[in-house]
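Mind the numbering: the sequence shown is residues 1 to 506 in full-length UniProt numbering, read in order.
Okay, so here's the structure we're looking at.
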Amino acid sequence: MKGASSTAALATTAMLKAPGTDALSFQSNSTSCCSHLIAAGLGERVFFPNQTVYEDRIDSYWSVSAQLRPNCVIQPQSAEEVSLTVTTLVGDSGCQFAVRSGGHTTWAGANNIENGVTIDLGDMNTTTFHPENSTVTILPGSRWLQVYQTLDAIGMTVPGGRAGTVGVAGLVTGGGNSFYSAQTGMVCDAVVNYEVVLASGEIIYANNDANPDLFRALKGGSGNFGIVTRFDMEAFEASKLWGGATMYNKTYSDQLLDAMVDFTDHVVDDQLSSSIIFWTYQPALLDTVVLAAYENTAGEVAPPAFDKYMAIPANISSTMRITNISDITHELEQPTGYRDMWFTLSFKNDERVLSKAVELHNQLVEEMKIESSDGDFITQCMFQPMPSLYAKQSVEKGGNMLGLDKVKENAILWLATLAVKGADQELIGRQKMITWVNAVEEYATSIDAHNDWIYLNYADSTQKPLESYGAENVEKIRAAAAKYDPTGVFQTRVPGGFKISHVTAV
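What follows is the structure, given as structure tokens:
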């Protein structure tokens, strides 16, 4: 979209008269950066506080903690409009901006900004299958449920997120774990081509042949290079899945931990199955229960890999069934409307560490019961297998930046979460979360079970996932950022996310 000042004036007038628009609010919140976008001919895509689209998009951030209020939101609908948006903002040295895909990252500033412009890719959300080469083009504003629903209809699928509301771009550029990781490696390993808008406005492709250094760097390097406006991924025929969630009384904790450790050590024997277990305080129950999510991507009911889980004699409820991936990922959601805090670690597949994490989780719950006036908080102490097989599959696909190949033993990926209502509760809860995570890390280190690797997509803003990738991969990311963004726009003008410029030593 291009236009002269007269076009901008007409666009501004139209916006002031649009339903849901408060003209005075528009005038008071209009900044030079937003005005530049209108003058560039993007007025139809720019939205201001008190406009319906603006308010709806802010409300759609999964975590209340991320619901900052930028001066305006722009929703480009093509790579060309993203390019024009970027060059317009870069042209004014006072303009800072954020980039949003699905908006699922929990912490303030990761994908949104105060006193700046948020580029919201939510209108770029189509999924297109190419039968001639069995690839799928997915635009960055898509959420995984949309992707799966499109592909389910034609009997195809891709490795992707396990919760349907998670956005495509953030998950893929951060690496991505999926139901298929034991078979195909991490989600980023399935990408065969990226379309990227650079800070210069140039639209380029990154694949094995074109810009191969950027192609590799994007596989875990997050938002350090530009804005990805298209992902081309390998697709394959989809089978029905056996899966769902089973709820257990916490009195079965020891048996469930033993089953998780055993499952992790035998993923190599059944690469079609996956398992997640987590201890969670649920306010509706006023108690902690254990939820286990089991999946087999070939639709085999209760294969031998789950024998130890299946031997646990009682459960509160179960939704295990034969279904498709859309249905499963729709089920594996968490409530909205909370201020969410996520932290993550990884450690050796040692039951002692898992048990310590659960013990400290239960202490946290009791402390939060005292701090919370109404008991309306949710916790998760989640364990997922990270067997050495995942890294081997990634290497066979060409490799990525994650550095998992330096973790030689089977490992556990741990996610610790707390969801609360109110900023005061978030402040209290954050300190308790830090205490919990530090204690688990110290214990794992004390028994030589700690791994340095940090999963970027689960990491809190205070953690250092890029450093955990290893010196060689850090330098590859740094070199690609310097080459494709030589003026450092995505290091300084886009402050959100994990920045390679903040990595000083590995």
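Glycine included, C-beta positions come from ideal geometry on N, C-alpha and C.
1) Buried or exposed for L427, please, with buried defined as at least 16 other CB atoms from any protein chain shown within 10 angstroms of its CB.
2) Taking C-alpha atoms, which residue in K476, W279 and S273 lies nearest to M402?
3) Which of the three DSSP states, helix, strand or coil, is assigned to P385?
4) Is DSSP giving I454 helix, strand or coil here?
5) For E467 and A505, what's the separation of their Cα atoms in angstroms?
6) Rounded to a whole number of angstroms, what is the C-alpha to C-alpha distance between N71 and N111?
7) Between the beta-carbon of L214 and the beta-carbon of F225, is there less than 8 Å?
8) Run the CB neighbour count on L418, radius 10 Å, all protein chains shown included, and call it buried at 16 or more, exposed below.
9) Taking Cβ positions, are I203 and Y252 nearer each other than 8 Å?
10) Going by DSSP, which residues form a beta bridge with D287?
11) Can the beta-carbon of M260 be found closer than 8 Å to that of L345?
12) Three or more beta-carbon pairs under 8 Å between the segment 372-392 and the segment 405-418, yes or no?
13) Would you mind reading off the limits of the beta strand (DSSP E) that contains N249?
14) With three or more beta-carbon pairs closer than 8 Å as the criterion, would you say the segment 167-185 touches the segment 134-147?
15) Please state whether DSSP places R69 in a helix, a strand or coil.
16) Can you give the Cα-Cα distance for V147 and R162, rounded to whole angstroms?
17) Looking only at its chain, what residues have a beta carbon closer than 7 Å to the beta carbon of V503, apart from the 5 residues adjacent to it on each side?
18) Could you spell out where the beta strand (DSSP E) holding L413 opens and where it closes?
19) Taking Cβ to Cβ, would you say W342 is nearer than 8 Å to L415?
20) Report the residue from Q183, T184, V290 and K499 whose alpha carbon sits nearest the alpha carbon of A479.
21) The beta strand (DSSP E) with R100 in it runs from where to where?
22) Could you give the distance in angstroms between the alpha-carbon of G155 and the alpha-carbon of E371?
23) Between W436, K308, K432 and Y469, which has its C-alpha nearest G399's C-alpha?
24) Going by C-alpha distance, which of F97, A39 and T52 is nearest Q491?
25) Would you grab the beta carbon distance between V99 and V494 for me? Rounded to a whole angstrom, and I think it's under 8 Å.
26) To the nearest whole angstrom, what separates the beta carbons of S274 and A292, a pair I think is in contact under 8 Å?
27) Let me make sure I understand the geometry here. Which of M320, N315, L286 and R321 has the alpha-carbon closest to that of T378?
28) Taking the C-alpha atoms as reference points, what is the distance between W62 and Q334?
29) Tell me, which residues are paired with R230 by DSSP?
30) Rounded to a whole number of angstroms, what is the C-alpha to C-alpha distance between G244 and V301?
In brief:
1) Position 427 of the sequence shown holds residue 427. Label assigned to L427: exposed.
2) The residue given as residue 402 occupies position 402 in the sequence shown. In the sequence as presented, Met is not what sits at residue 402; that position holds Leu. Closest by alpha carbon: K476.
3) Working through the sequence shown from its first residue, we reach residue 385 at position 385. In the structure shown, P385 sits in a strand (DSSP, three-state: E or B).
4) Reading the sequence shown from its first residue, position 454 is the one you call residue 454. Coil.
5) In the sequence shown, counting from the first residue as 1, residue 467 sits at position 467. In the sequence shown, counting from the first residue as 1, residue 505 sits at position 505. Taking the straight line from one Cα to the other gives about 8 Å.
6) By 1-based counting over the sequence shown, the position of residue 71 is 71. By 1-based counting over the sequence shown, the position of residue 111 is 111. If I take the Cα positions, the gap works out to 14 Å.
7) For the purposes of this step, residue 214 is taken as the residue at position 214 of the sequence shown. For the purposes of this step, residue 225 is taken as the residue at position 225 of the sequence shown. Cβ atoms of L214 and F225: closer than 8 Å.
8) In the sequence shown, counting from the first residue as 1, residue 418 sits at position 418. Buried is the call here.
9) Along the sequence shown, one-based indexing puts residue 203 at 203. Along the sequence shown, one-based indexing puts residue 252 at 252. Not a contact, by the Cβ cut-off of 8 Å.
10) For this step, residue 287 is matched to residue 287 along the sequence shown. In DSSP, D287 forms a bridge with Q282.
11) Your numbering for residue 260 matches position 260 in the sequence shown. Your numbering for residue 345 matches position 345 in the sequence shown. Contact: no.
12) Enough Cβ pairs lie closer than 8 Å, so yes.
13) The sequence position of residue 249 within the sequence shown is 249, counting from 1. Run containing N249: L241 to N249, per the beta strand (DSSP E) assignment.
14) yes
15) Position 69 of the sequence shown, counting from 1, holds the residue named residue 69. In this structure, R69 counts as coil in the three-state DSSP scheme.
16) For this step, residue 147 is matched to residue 147 along the sequence shown. For this step, residue 162 is matched to residue 162 along the sequence shown. If you take the alpha carbons of V147 and R162, they lie about 12 Å apart.
17) The residue you call residue 503 lines up with position 503 of the sequence shown. The residues are L466, E467 and V474.
18) Here residue 413 refers to the residue found at position 413 when the sequence shown is read from its first residue. Secondary structure note for L413: its beta strand (DSSP E) is the uninterrupted segment A411 to V420.
19) Position 342 of the sequence shown, counting from 1, holds the residue named residue 342. Position 415 of the sequence shown, counting from 1, holds the residue named residue 415. Result yes, Cβ atoms of W342 and L415 sit closer than 8 Å.
20) Within the sequence shown, residue 479 is the residue found at index 479, counting from 1. If we check each option's Cα against that of A479, K499 comes out closest.
21) Residue 100 sits at position 100 when you count from the first residue of the sequence shown. Segment F97 to R100, the beta strand (DSSP E) holding R100.
22) Looking up residue 155 in the sequence shown gives position 155. Looking up residue 371 in the sequence shown gives position 371. Whole-angstrom Cα-Cα distance: 49 Å.
23) In the sequence shown, residue 399 corresponds to position 399, counting from 1. Nearest of W436, K308, K432 and Y469 to G399, Cα basis: Y469.
24) Taking the sequence shown and counting its residues from 1, the one referred to as residue 491 is at position 491. The shortest C-alpha separation from Q491 is found at F97.
25) Walking along the sequence shown from the start, residue 99 turns up at place 99. Walking along the sequence shown from the start, residue 494 turns up at place 494. At roughly 6 Å, the Cβ-Cβ gap stays under 8 Å, so V99 and V494 are in contact.
26) Here residue 274 corresponds to residue number 274 of the sequence shown, with the count starting at 1. Here residue 292 corresponds to residue number 292 of the sequence shown, with the count starting at 1. That pair is no contact at about 11 Å.
27) Looking up residue 378 in the sequence shown gives position 378. Residue 378 is actually Ile in this sequence, not Thr. Considering only alpha carbons, the answer is L286.
28) The residue you call residue 62 lines up with position 62 of the sequence shown. The residue you call residue 334 lines up with position 334 of the sequence shown. Each residue's alpha carbon lies about 9 Å from the other.
29) Here residue 230 is taken as the residue at index 230 of the sequence shown, counted from 1. Bridge partners of R230: E195.
30) Translated into positions along the sequence shown, residue 244 becomes position 244. Translated into positions along the sequence shown, residue 301 becomes position 301. Each residue's Cα considered, the two are about 11 Å apart.
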